[in-house]
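One line per chain: the protein sequences are F and G, in this order. Each residue of the first sequence is one higher than the last, beginning at 0 in numbering that gives the first Met the number 0. Each residue of the second sequence is one higher than the last, beginning at 0 in numbering that gives the first Met the number 0.
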Amino acid sequence: MDVVLENMPMILEGLKYTIYYSIASIVLAIIIGLIAAIMKLSQSSFLKGIASIYVEIFRSTPLLVQLFFIVFGLAGVLPLNEWFGQRSYPIIAATLTLALHQGAYISEIIRAGILSVNKGQREASESIGMTEFQTMRFIILPQAFKRMIPPLVNQSAQAIKDTSLLAPIGIIDLVYRGQIIISTTFEPFAIWITIGIIYFILIFSISQFAGYLERKMRLDTR
Amino acid sequence: MIHVEDLYKSYGDIEVLKGINAHIKPQEVVVVIGPSGSGKSTFLRCLNGLEKATKGKIDIVGMELTNPKTNIPQLRQHVGMCFQQFNLFEHLTVLGNITIGPIQVLKKSKEESESLARELLKKVGLPDKEHAYPHQLSGGQQQRVAIARSLAMKPKVMLFDEPTSALDPEMVGEVLNVMGALAHEGMTMVIVTHEMGFAREVGDRILFMDGGYLVEEGTPAEIFNNPQEKRTQDFLAKVL
């Protein structure tokens, strides 16, 4: 117990990074996912193709491989470390990779949400003279988002867990901090169980929240 | 107001409209009747571009709908449409449904749009429903809000696609009354309906469609009392 309390400041510092990467990747992933979903639903087979290739690549390869490839692989052939800075590039690249990975899943959630809105809503909107953009912005997305909230919250829980893969590529987060503490204290049991509990509290409260939203929305949609 | 020349519409190999010609004058109330699958709804939906014509020419409110360069959203501001399933925006209140067009499309102020909306709600007989959501309203009330929503754009033409077909019988009258009042005010209207009594009473002209053709047209008296075509006679024998 002492070893945990003594190292708490370091653990909390790791947690701070885990939360940063979680929030940054989820926010970016929603933006990327929205763009990919709209591309997939567009008339243009070019845009559809690009979005499908993106989604399939990121869903069909392991996140850890994606992280290694973008953080180290790409930096091996392009002078990315010089452009973005030796210290900043891995952080930027890791955040972006997490976002692209989650975005691939989120694009499918958003696409399904958009498709779940009755076709008549679009027709009514267009027949009062709204453009395609206005229809999406004021009519389709507000209705779709309501239905997307529960799966998006679930995906966010997944996104938090996935940030633990940053440690193997040498980026500071909760797991990385844990490894460092263990390497000096030799107390793997106490440290890993503490880290496990922290993740559990984070993710369990989020999935409880998702369950609450789901029940509430079932009541709202008579 | 509306000129349709040689309009064809196909879905894949299935030809739904096979050369329709129709001319509708300002302030005219035209009722389109015919058996289901005759193409009458498709014809109506072509008039504001919800269905794209395969061939032919449509001029409406002084704009050439079938010209690819025409700004379709701008054209639709002048062509109101009411649907069988009402299609009110489910996430907006009655007031929100009526004002979103004036605010977002016509860029009018919120205050101006809301006072117009209240005026229209009074007109369709629902002055106390402005804060209700669509699912809290009956079908007849929803359809009347949908009419108010279209009117808020101050359209030059109103299209009605079987506006009473999804309603319980006791609610048909309230919607037809609103439409009758609108016709009386001089609105140009094209109405697809199965309400033959309404067609006879309010229509200036009846178009009878069957199998993708405009089979016969004339005044209500001509069509209902003295139909010339065999197909019109057969149809009316069944529905009257």
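By construction, the Cβ of each residue, glycine as well, lies at the ideal position given by its N, Cα and C atoms.
According to a CB-to-CB cut-off of less than 7 Å, which residues of the stretch 120-144 of chain F neighbour chain G?
Result list: Gln120, Glu122, Ala123, Glu125, Ser126, Ile127, Gly128, Met129, Thr130, Gln133, Phe137, Ile138, Pro141 and Gln142.
Can you tell me where the alpha helix (DSSP H) with Thr162/F in it begins and where it stops?
Note, Thr162/F: premise wrong, no alpha helix (DSSP H); not H, not E.
Does DSSP put Tyr10/G in a helix, a strand or coil?
Looking at Tyr10/G - three-state DSSP - the assignment turns out to be strand.
If the cut-off is 7 Å on Cβ atoms, which residues from the stretch 85-101 of chain G count as contacting chain F, listed in chain order?
Residues passing the 7 Å Cβ filter: Asn86, Phe88, Glu89, His90, Ile99 and Gly100.
Quick one: list the residues of chain F neighbouring Asn241/G, beta-carbon separation under 8 Å, in chain order.
Outside the displayed span of chain G (0 to 239) sits residue 241/G, for which this structure offers no information.
Should Ile29/F and Ile105/F be called a contact, given that it needs their Cβ atoms to be closer than 7 Å?
Closer than 7 Å, so yes.
If we count the other Cβ atoms within 10 Å of its Cβ and call it buried at 16 or more, is Ile1/G buried or exposed?
Result: buried.
Identify which residue in Met188/G, Glu118/G, Asn47/G and Glu173/G has its Cα closest to the Cα of Thr69/G.
For the residues Met188/G, Glu118/G, Asn47/G and Glu173/G, the minimum Cα distance to Thr69/G belongs to Asn47/G.
Using the C-alpha atoms, what's the distance from Met129/F back to Arg221/F?
Summary for Arg221/F: the model assigns pLDDT 42, below 50, so the residue's position carries little reliability; its value from the coordinates is reported in the next sentence. Their backbone Cα atoms lie some 28 Å apart in a straight line.
Taking DSSP as the reference, what is the three-state secondary structure of Phe85/G?
DSSP places Phe85/G in coil when its eight states are reduced to three.
Are the CB atoms of Phe207/G and Cys81/G within a distance shorter than 7 Å?
No.
So is Met80/G in contact with chain F if we call contact Cβ pairs under 7 Å?
Yes, because at least one Cβ of chain F sits closer than 7 Å to the Cβ of Met80/G.
What residues in the stretch 120-150 of chain G have a beta carbon less than 8 Å from any beta carbon of chain F?
Those would be His134, Ala145, Arg148 and Ser149, in chain order.
Distance, Cα to Cα, Gln232/G vs Pro226/G?
Taking the straight line from one Cα to the other gives about 6 Å.
Asn225/G by DSSP, collapsed to three states: which one?
Coil at Asn225/G, not helix or strand.
Which residue's Cα is closest to the Cα of Gln140/G: Tyr212/G, Val191/G and Gln84/G?
When only C-alpha atoms are compared, the closest one is Gln84/G.
With Phe57/F as the anchor, note down where its alpha helix (DSSP H) starts and where it stops.
Its alpha helix (DSSP H) spans residues Ser44 to Arg58.
Please report how far the alpha carbon of Ala19/G lies from the alpha carbon of Asp5/G, in whole angstroms.
Residue identity check: residue 19/G is Ile in the sequence provided, not Ala. When rounded, the distance between both Cα atoms is 5 Å.
Considering just the uninterrupted stretch of the beta strand (DSSP E) at Asp58/G, what are its terminal residues?
Note, Asp58/G: beta strand (DSSP E), Lys54 to Ile59.
Below 8 Å, how does it come out for the stretch 170-188 of chain F and the stretch 7-15 of chain F: are there three or more Cβ pairs, yes or no?
The answer is yes - the stretch 7-15 of chain F touches the stretch 170-188 of chain F, with three or more Cβ pairs under 8 Å.
Less than 6 Å between C-beta atoms, sequence neighbours within five positions excluded: which residues of the same chain meet that for Met38/F?
Taken in chain order, the residues that qualify are Leu46 and Ala50.
When the cut-off is 7 Å and only beta carbons count, does Pro72/G lie next to chain F?
So yes, Pro72/G belongs to the interface.
So which residues of chain F does Arg230/G contact, with C-beta pairs closer than 9 Å?
Per Cβ cutoff of 9 Å: no residues; Arg230/G is ~30 Å from chain F at best.
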